[in-house]
Amino acid sequence: MPDLNDVFTPALGRLQQQQLLRRRRAVAPLAEAELEVDGQRRLAFCSNDYLGLSQHPALKQAMREAVERYGVGAGASPLVSGHSPAHEALERELAAFVGCEQALYFYAGYAANTGCVPALVERGDAIFSDALNHACLIDGARLSRAEIHVFPHNDMAALDQALAKSSARRKLVLADAVFSMDGDIAPIGEMLRLCERHDAWLMVDDAHGFGVLGEGGRGSLSHLGIAPRRHGARLVYMATLGKAAGVSGAFVAGAAPVVQWLLQRARTYMFATAAPAPVAEALRTSLRVIEAEGWRRERLAQLRSCLRDGLAMLPWTALPSDTAIQPLILGDNATALAVMDALQARGIWVPAIRPPTVPAGTARLRITLSAAHSLQQVQALVAALQSIAAEPPARSA
């Protein structure tokens, strides 16, 4: 058997040659939308903190007070002794916020999807997954051992046809509500109509819509005028709480029997230590801020309009998006990395996204906006991109 170094050192070298080698950066928050990145000050357009709540004074205070009551760890899984009164209250408030009967809080979004999908379907069942779904939905589908059908992105005719052909015992459609790398919104209403026609279930991941879209930030279902209770157990709603909500974790909501089943069968819930109770208390405060401070969503809309006007003047393709995610397609990996480096040299951090996160040939800058940004900061990003486009940079090997 070869030595591990003999296996992975050449493999890392190949990633480097393909411009696919990733590296972490040590990041600390500064003022507003600025970060200290590896010791350097940067204006950041890379965070999913869409409402700027991660540094909100009320959330910080809620966590500080909860630490004094609960301490800093949960101590066990939720089904042993890790489920506190703070978690209990948070789940009630999450369910009410999104208009569902019941909610279940998970320590992470990846854990929610990889745990819930295999709890809903198994071998002998069928999953119908959008081609651009997030990795956690893909992994959850694989873990379920159900038959997997991948349909082209947002192609409802293809989904209709695939559902009609299937004779599986149970059918589950999986889709992001807002797609994390393209910023577009799934046609959830049409998906629900197809699920009703073909007796299927729908699970949507609203990681990037919750807090940003809909009345009071209630998410993509509210944005599209969909009332979850009207669809009963056919609709399972999931959203993460480490993005617009500014803290961490995720929740799954829906009809009470479905949520109770997930509590009994989702392995990532049953066998993992619960998130600390102070996190739950901070999230309870976050829900109140999301609803009360609507100016944050208004500012996002203004910033998005300003950015899109500027991106339209560039030689690259800005994908259409009504969300905080604004992708700029650059094409090959080397160009994406070179433009990212040129922005870094100007004190601006926008991540280059490459395969396998996105399809080959569609490497991009994933620009994310936050209510913490100012109009002047967005204008500075546009000016920097225009300058770079005028003299395209080359990236050294």
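Reminder that position 88 of the sequence shown reads as 88 in my numbering, one-by-one numbering, no gaps. By construction, the Cβ of each residue, glycine as well, lies at the ideal position given by its N, Cα and C atoms. Please read all numbers here as calculations on a predicted model, not as lab measurements.
Query	Result
Below 8 Å between beta carbons: does that hold for residue 282 and residue 83?	no
By Cβ distance below 8 Å, which residues in the same chain neighbour residue 314 in space, the five residues on each side in sequence not counted?	328, 385, 386 and 389
Cβ atoms of residue 184 and residue 205: under 8 Å apart, would you say?	no
For the beta strand (DSSP E) containing residue 185, name the first residue and the last one.	No beta strand (DSSP E) contains residue 185, which DSSP labels as neither H nor E.
By Cβ distance below 6 Å, which residues in the same chain neighbour residue 373 in space, the five residues on each side in sequence not counted?	33 and 303
For the beta strand (DSSP E) containing residue 149, name the first residue and the last one.	147-151
Am I right that residue 144 and residue 178 are in contact with their C-beta atoms under 8 Å? What's the rounded C-beta distance?	Not a contact, Cβ separation roughly 23 Å.
In the structure shown, what three-state DSSP assignment does residue 379 receive?	helix
Under the three-state reduction of DSSP, which class applies to residue 17: helix, strand or coil?	helix
Along the chain, where does the beta strand (DSSP E) that runs through residue 164 open and close?	Taken as a continuous stretch (DSSP letters only), residue 164 belongs to no beta strand (DSSP E), being part of the alpha helix (DSSP H) at 156-165.
Run through DSSP, which three-state label would residue 259 get?	helix
Could you tell me which uninterrupted beta strand (DSSP E) segments, each at least 3 residues in length, are contained entirely in the region 290-372, listed from first to last along the chain?	325-331 and 363-368
For residue 380, which residues of its own chain have a beta-carbon under 8 Å away from its beta-carbon, when the five flanking residues on both sides are left out?	43 and 348
Note down, in chain order, each residue of its chain lying with its Cβ closer than 8 Å to the Cβ of residue 396, except the 5 sequence neighbours on either side.	Note that residue 396 scores 48 on pLDDT, short of 50, meaning its location in the model is unreliable and no value can be drawn from it.
Could you say which of 8, 360, 277 and 39 lies nearest to residue 75 if we only look at CA atoms?	277
Out of 11, 18 and 96, which has the shortest C-alpha to C-alpha gap to residue 360?	18
To the nearest angstrom, how far is it from the Cα of residue 214 to the Cα of residue 95?	15 Å
Indicate whether the contact test is met: 3 or more Cβ pairs, each with one atom in the region 263-272 and one in the region 64-74, closer than 8 Å.	no
Taking the C-alpha atoms as reference points, what is the distance between residue 189 and residue 8?	46 Å
What did DSSP end up calling residue 269 once you bin it into helix, strand or coil?	helix
Considering Cα atoms alone, identify which of 231, 180 and 242 is closest to residue 49.	242
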